[in-house]
Amino acid sequence: MMETKTSHLPNMELWKQWKEQGDTEAKKLLIETYLPLVDFVSNRLAVGLPKNVSKDDLSSYGVMGLMDATEKFDYERGLQFETYASWRIRGAIIDGLRQGDWVPRSVREKAKKVEEAYTVLEQKYLRTVTDAEVSDYLELSEKEFQHMLQDISITAICSLEDPIGEEETETRLNVLVDERAKNPESKVGEFFLKESLVKAIERLTEKERTVVSLLYYEDLSLSEIAEVMSLSPSRISQLHSKAILRLRGSLGRLKGQLFENP
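Heads up: the sequence shown is residues 1 to 262, going by full-length UniProt numbering.
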């Protein structure tokens, strides 16, 4: 994903100097070493954002995320800093954009309506619903529905600080834990999450599953996925938006069933 300026051993030495001795020069070198992560993450996020969003702003937010990751990372836990920092950088960029009110309220309301449509219709028919059925539910033409998907594509990203449970303090960031730790409660939660996600993904169309797989598992950008699938970037963006909204609706429904049936 990126090339570091030093080998693993020097990096480990830098981590020790920074974390154990408080060497600020070592911290500076670590930030410079992993700075390419900021470009990598910001470039991926930029694909689905409006043109008026400045690339410099994304980078500035990302650098703050990298600095925060460097402050909070525990190198002794055996985790990959690149993975941890990428999430921190992404979260910092999204949080920075949200503070700047970059998504109009009207767009968020549209996203909420589409998510509700998927939740209601798929619970009613117990299958993946078509664009025509969603359009009919929303009292829109299919062309208007496609335009709506394009408008809300910029909302299909999420922050690590967003709550994922009943408690506001339970966020995505909380699940970034040491894989070696033996915690029965977290294992049960992880099992349920995986089972729920599998069921939700099964409801996606073939094209939607392909986009999700290439984007989140193969680490391709939306433009690269467009080339692979021989579709336009805007069409890939629409498929991604529909997949995210379907998944949100399905996971929300499964979550409700869990709490209704203790």
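Backbone N, C-alpha and C define an ideal beta-carbon position, used for all residues, glycine too.
Computed from a predicted model, the values in this text were never measured in an experiment.
With residue i as the anchor, note down where its alpha helix (DSSP H) starts and where it stops.
i           : result
residue 123 : 105–125
residue 215 : 206–216
residue 135 : 131–138
residue 23  : Residue 23 -> no alpha helix (DSSP H), and no H or E assigned at all.
So is residue i buried or exposed if we call it buried at 16+ other beta carbons inside 10 Å?
i           : result
residue 33  : buried
residue 214 : buried
residue 83  : exposed
residue 132 : exposed
residue 80  : exposed
residue 115 : buried
residue 203 : buried
residue 230 : exposed
residue 90  : buried
residue 62  : buried
residue 105 : exposed
residue 248 : buried
residue 223 : exposed
residue 160 : Confidence at residue 160 is low in this model, with a pLDDT of 45, below 50, so the placement of that residue should be treated as unreliable; the coordinate-derived value is given next. Under this definition residue 160 is a buried residue.
residue 88  : buried
residue 118 : buried
residue 239 : buried
residue 14  : buried
residue 141 : exposed
residue 126 : exposed
residue 263 : Because residue 263 is not part of the residues shown, which for the chain are 1 to 262, the question remains open.
residue 208 : buried
residue 130 : exposed
Round the Cβ separation of residue i and residue j to the nearest angstrom and send it over; I've been treating them as touching at under 8 Å.
i           : j           : result
residue 149 : residue 232 : Contact flag wrong, Cβ pair sits at about 13 Å.
residue 86  : residue 41  : 6 Å
residue 245 : residue 111 : 7 Å
residue 35  : residue 46  : Between residue 46 and residue 35 the Cβ distance is about 17 Å, and since that is not below 8 Å, they are no contact.
residue 65  : residue 31  : That pair is no contact at about 11 Å.
residue 113 : residue 97  : Wrong, their Cβ atoms sit about 22 Å apart, outside the cutoff.
residue 212 : residue 220 : Not really, about 11 Å apart at Cβ, beyond 8 Å.
residue 107 : residue 152 : 6 Å
Taking DSSP as the reference, what is the three-state secondary structure of residue i?
i           : result
residue 34  : coil
residue 264 : With the chain represented from 1 up to 262, any question about residue 264 goes unanswered, as that position is not in the structure.
residue 56  : helix
residue 86  : helix
residue 203 : coil
residue 141 : coil
residue 39  : helix
residue 128 : coil
residue 219 : coil
residue 164 : Caution applies to residue 164, whose pLDDT of 46 falls short of 50 and renders its modelled position unreliable; the value that the coordinates give is listed next. Reduced to three states, the DSSP call for residue 164 is coil.
Starting from the N-terminal side, write out each stretch of the beta strand (DSSP E) that is 3 residues or longer and does not extend beyond the UniProt domain "RNA polymerase sigma-70" (221–247).
none
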